Each structure stands twice: as C-alpha cells, then as structure tokens.
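Read left to right, the sequence shown gives residues 3 to 368 (the numbering used here).
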Amino acid sequence: MEEFKNILTYLDEYGDISLEESPFNDVDALVLAELAYFPFNKIIGEKKTIKKADINKFIYDRNSSSLAKRKIKDNFLITKFIHSKRFSDVKIGYFVKDKSRESEKQFQAVAFIFKDMIFVGFAGTDASVVGWKEDLNLSFQNEIPSEISALAYLNTTLKRFRLKPVIVAGHSKGGLLSIYASKNTKNNKRISKIYSFDGPGFQDDFYDEKYEEISSKIIKIIPSESIIGRLFHKDINVMVIKANSRSILQHDAYNWIVEDNHFILEEGEMSEHVSQIINRCNNDFSFEEKKIVVDTIYDLFTELNITKFGNIDYNKVLMKNALRHLKEAYRTLSKERKAVLKDFIALLIKTTFQEYLSKKEKIKLK
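Laid out in structure tokens, this is it:
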C-alpha cells in the first residue's frame, strides 16, 4: 500500500506550530472530532475540566488497563495531541456519555476549551448494536434521543461560555448531531462553524428556513466514495476529498489524505451509486414499514445476545452457527414482520440491479 499522510502525520508536522502562527483549520477540527470518541470519563472522573498533563499521566499509568482495547491509531492520536505545542493551552471538560438499551440511545460529547473559542465535539456511533439501532431509527423517526441530548449539551455550553464563539463538530452520527443541535439552538449566532465529517443528512422536512439560517456555517467533508455521508444528502457546502481506501472503508477518518494543513479535493461517483440504492429503498417504504424492518433486525440480534459487532466472530464454523440461529429466529416472526422483511430484501435486490444497469448504460453512452 502506498504511503500517505493523515491526521497523525499532520500532528507530527504541525504539532510544534502554534495556532497564532497557523490558524485553526479543517484538519484541526477533524483531530478534535476524532478525539470526541475517546473515553475521557475514565480520566476526568469528578472533575469538570482537565489539562493535557492529566491525560498524559493516565496513559502511562501501568495499573490502568482502560485504554488497552483502544485502537492503536487512537492511542497515537491522543499521545501526539498531548505533546503538541499547537494544543498546549487547551483544556478538556464537561464530558458526557449516555448509553441506554431501553431508550435505544448512544450519545457522547466533550468540550475543548481554548483561550478564544470553544470546540464542541459529538462522537459518532460506537461498536454497540444499540448505537447502530439508533442510527437506523433515523429512517422513520424525525428525532432520535441523541439529537435531543446534543441540543441540550450545546445549549448548556453556550450558556456556560457566554463570550466565546463556538465551533460544533462530529464524525459520522456526530456530524449529524452537530447540524441538528446548531439548527435548533436559539443562540446559533454564537456558532462560528459547524463541521460534519462524513455525517448523514436528514429527512426532507428538516431543510427549512431555520436550516437556511445556519447553512452558510456548515462545512460538510466527505471522502470521494462516501456512503454514510451521502445518505439523505441535501447539505449545501460539501467538500469531497481523497482517501487512501475504497468504499465503506473511507468512512474511517484515518484514511483521509492530508497535504500540509489541508485535505486534497477529489470527485467520486461510486458512493453516489450506493447511496441512491439505500435512499430509494428508504423512500419506497412507509415509516411504519421501515420501523418493522429495523426493529425486526434488532430483535434478531438481541435474541442471539449480540450487543456489539465485535461479538460476531468471522470464523466459518461460528458464522454458520450464527446463520442457523438467525434462520430459527426468523421462523418465530409474525406473518406481518416476515412479509415486510421479504419485501424490503426484494426491493434492495431490485434497486441494486436497476442502478447497476443504469450505470452500465451511462458508460456505453460515454
């Protein structure tokens, strides 16, 4: 694989350059948006804010195993962030984590406090099935629990820091939450920028006059073969960038190519093809039918006691057993659920085939 530069190498090159020497940019925003996934609750404890030195002590504490399962790249990112001159005066605080299987909610937020601004970071979906279920609920719900929490968090932050401008950002679902909260807060004039890093869009009725008030502040950045970022996609200011991977793997922000202190622009068609398939299926089903599909799939996972995607082992024998159990669980479904699920799968296959033929015809015409 060809070597490329990403947010980690960016911190190597720009970590010793202060924000006074080189102003805050889009890559800085992605660094902080990725750090919003970090389990700061294990470090902050009862404190409202912490300095970077506190994180440093935590990471190098041999008695602490809370970071043992974090991705290697995440640990590199937080370590480089801690030792950077660029973020030397930043405090981290007001961390919130709320996950509930009952309310189908997975929410996480943190504030990065600079001398002259506040950066609110909303985490995207984690590996939990609950987080995945909440995302799918977007297809038939006008409002999910995390959106309500994001608005409350942003309102509290704006009141807490009355004189400082605020940047709101997030990756994946975190980007969606950033736009939702910024649109619905009464103090959106205090918000200077809104970043959505490969975050999905919204149902049609979301794009109203209130959305127009903040649209010029939205910076939506998606990789060229983005799938997640093109779902329900109607956002105005979209920056399409290069990534060192293909298809869904481009959703991983560590694969986004960085040159100096910016991303490299590029265009892509493949993700448009995939997202059109998903969006067509979404449009052809009623809210109630989509709810049945999502609830049915979730119930099947629950019956198999799968709470995280990491619980699914790709060993062939185990996968065969899992499929056998899924078939058995499917037989227990009501006639209504079976019928809707079959219709959804049939439509997915049909739409995929139609998109494939359409794309093939376009190539011939060229």
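Backbone N, C-alpha and C fix where the C-beta goes; we use that ideal spot for every residue, glycine too. Please read these numbers as outputs of a predicted model, since none were measured by experiment.
CB contact flag (residue i, residue j, <9 Å)
{"i": "F208", "j": "I224", "result": "no"}
{"i": "V122", "j": "S86", "result": "no"}
{"i": "G203", "j": "H173", "result": "no"}
{"i": "G177", "j": "A35", "result": "yes"}
{"i": "I193", "j": "I216", "result": "yes"}
{"i": "S151", "j": "F109", "result": "yes"}
{"i": "K188", "j": "N157", "result": "yes"}
{"i": "F78", "j": "N246", "result": "no"}
Straight-line Cα distance separating residue j from residue i
{"i": "D91", "j": "D118", "result": "11 Å"}
{"i": "F369", "j": "I19", "result": "Lying outside 3 to 368, the shown extent of the chain, residue 369 is not represented and no answer is given."}
{"i": "I120", "j": "G95", "result": "11 Å"}
{"i": "N65", "j": "N257", "result": "For N65, the pLDDT reaches just 41, beneath the cut-off of 50, and the residue's location in the model is therefore unreliable, although a value from the coordinates is still provided. Cα-Cα distance, rounded: 32 Å."}
{"i": "Y155", "j": "A171", "result": "13 Å"}
{"i": "L13", "j": "K50", "result": "26 Å"}
{"i": "N263", "j": "S336", "result": "55 Å"}
{"i": "D210", "j": "R333", "result": "44 Å"}
{"i": "L21", "j": "V112", "result": "21 Å"}
{"i": "Q252", "j": "K75", "result": "15 Å"}
{"i": "I314", "j": "E23", "result": "With a pLDDT of 46 at I314, under the threshold of 50, the modelled position of this residue cannot be trusted; read the value that follows with caution. When rounded, the distance between both Cα atoms is 48 Å."}
{"i": "A183", "j": "A341", "result": "37 Å"}
{"i": "K344", "j": "V168", "result": "47 Å"}
{"i": "E338", "j": "R164", "result": "53 Å"}
{"i": "T159", "j": "K73", "result": "29 Å"}
{"i": "K175", "j": "I45", "result": "24 Å"}
{"i": "N144", "j": "P25", "result": "37 Å"}
{"i": "E149", "j": "I52", "result": "26 Å"}
7 Å CB neighbourhood of residue i in its chain, flanking five on each side removed
{"i": "N43", "result": "F97, K99"}
{"i": "E214", "result": "none"}
{"i": "V240", "result": "K222, I224"}
{"i": "R248", "result": "E227"}
{"i": "F114", "result": "L34, V92, I94, F121, G123"}
{"i": "S102", "result": "none"}
{"i": "D128", "result": "Q108"}
For residue i, the nearest candidate out of the options (CA to CA)
{"i": "V260", "options": "L21, K344, P25, L32", "result": "L32"}
{"i": "K161", "options": "K340, K191, Y16", "result": "K191"}
{"i": "K93", "options": "I57, L251, H264", "result": "I57"}
{"i": "N8", "options": "E211, E22, D30", "result": "D30"}
{"i": "E104", "options": "P147, G126, T127, R88", "result": "P147"}
{"i": "I266", "options": "H253, D254, V242, A255", "result": "V242"}
{"i": "I196", "options": "E5, D76, R164, N27", "result": "N27"}
{"i": "G126", "options": "A255, I52, K340, T158", "result": "A255"}
{"i": "L233", "options": "K219, K244, Q205", "result": "Q205"}
Contact set for residue i: own chain, Cβ-Cβ below 6 Å, skip 5 residues either direction
{"i": "N186", "result": "L153"}
{"i": "I250", "result": "I229"}
{"i": "K166", "result": "M119, I120"}
{"i": "K244", "result": "I259, I266, E268"}
{"i": "K212", "result": "K185"}
{"i": "S218", "result": "none"}
Contact set for residue i: own chain, Cβ-Cβ below 8 Å, skip 5 residues either direction
{"i": "K82", "result": "L10, L13, D14, G17"}
{"i": "I80", "result": "L37, F40, I57, I61"}
Which complete beta strand (DSSP E) runs does the segment 143-219 hold, if anything under 3 residues is left out?
Runs found: 168-173, 193-199.
Start-end ranges of the alpha helix (DSSP H) lying completely within the segment 5-49, minimum 4 residues:
Taking only runs of at least 4 residues, the alpha helix (DSSP H) segments lying wholly in the segment 5-49 are 9-16, 28-37, 43-46.
In chain order, which continuous runs of the alpha helix (DSSP H) of length 4 or greater are located wholly inside the segment 65-111?
74-84, all fully within the segment 65-111.
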